[in-house]
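In what follows, a single structure is set out as structure tokens and then discussed.
In the working numbering, the protein residues as written are 4 to 239.
Right, dumping it as structure tokens:
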């Protein structure tokens with residue numbers, strides 16, 4: 004039986020008012036429990052694609068389909084409804100963490116659950132479970148300024164997971180870390196995505212990360228240049 008994609012980009016184009024074409028007809032599918040890695044040089048359109056897939060940036064043309072209980076065309080629904088879908092169904096991990104500096108690690112992780120309407124006590128309990136999973140329960144009351152880069156990224160991963168999203172979108176999640184810390188963070192991210200049976204799309208320059216993927220997509224000049232499916236035995 005054919006698998007059904009949890010997220011699908013269909014003929015995506017993005018042209019800016021300046022005339023720059025960031026995406027030129029990109030189509031791809033992402034499946035539950037699988038990791039898709041996007042590689043390519045700077046300016047290839049990788050981050051633009053990720054933002055469009057995540058409902059953060061409207062394409063000039065094309066469609067993004069998210070399959071939950073229903074089939075949702077992300078850019079055919081109102082902005083307020085799309086924001087709710089992002090909160091509940093999509094987890095984001097960025098290169099620069101984007102933690103709120105005035106909040107503790109625990110509060111940063113709990114915040115998306117609170118936005119979703121989860122009561123404070125339950126949101127905190129869920130946040131503590133995730134901070135324990137990422138090895139930071141002892142640092143739960145520390146603010147971002149008192150955490151290392153690797154610790155901040157682990158907090159960001161826990162935050163991305165708290166609403167149990169169907170898909171994780173990660174934009175250069177180790178790009179701001181040294182190689183050893185980055186490798187540890189990536190191993191954690193991949194393991195959590197696998198154990199939670201989430202789809203993950205990871206934009207990276209790191210060729211070692213690509214070795215963990217189920218599918219590797221190469222981009223250049225706003226187009227998919229190559230796509231390689233990795234056999235199950237080679238992905239971990």
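Glycine is no exception: its CB is placed at the ideal position from the N, C-alpha and C atoms. As the structure is a computational prediction, the values presented were derived from the model and not from experiment.
Exposure label - residue i; buried when at least 16 CB within 10 Å
i: residue 3; result: Nothing in the structure corresponds to residue 3, since the chain is present only between 4 and 239.
i: residue 201; result: buried
i: residue 51; result: buried
i: residue 76; result: exposed
i: residue 166; result: buried
i: residue 4; result: Bear in mind that a pLDDT of 44 at residue 4, under 50, signals an unreliable position, so the number given afterwards is only what the model happens to contain. Classification of residue 4: exposed, given that the 10 Å Cβ count is below 16.
i: residue 107; result: buried
i: residue 181; result: exposed
i: residue 6; result: exposed
i: residue 225; result: buried
i: residue 86; result: exposed
i: residue 229; result: exposed
i: residue 112; result: buried
Spatially closest choice to residue i from the options, by CA coordinates
i: residue 97; options: 226, 215, 219, 207; result: 207
i: residue 20; options: 225, 63, 141, 127; result: 63
i: residue 204; options: 113, 220, 140; result: 220
i: residue 38; options: 17, 145, 8; result: 8
i: residue 55; options: 72, 186, 27; result: 27
i: residue 2; options: 23, 104, 34, 29; result: Within the shown structure, residues of the chain are numbered from 4 to 239, placing residue 2 beyond reach of any answer.
Whole-number beta carbon distance between residue j and residue i, since they are thought to touch under 8 Å
i: residue 169; j: residue 47; result: With 8 Å as the limit, residue 169 and residue 47 do not qualify as a contact, their Cβ atoms being about 26 Å apart.
Helix, strand or coil at residue i according to DSSP, with G and I counted as helix
i: residue 228; result: strand
i: residue 143; result: coil
i: residue 121; result: coil
i: residue 14; result: strand
i: residue 35; result: coil
i: residue 30; result: strand
i: residue 6; result: coil
i: residue 209; result: coil
i: residue 216; result: coil
Flag this pair as touching only if the segment 183-197 and the segment 151-160 have three or more C-beta atom pairs under 8 Å; answer yes or no.
By the C-beta criterion, the segment 183-197 is judged to be in contact with the segment 151-160, since at least 3 inter-stretch pairs fall below 8 Å.
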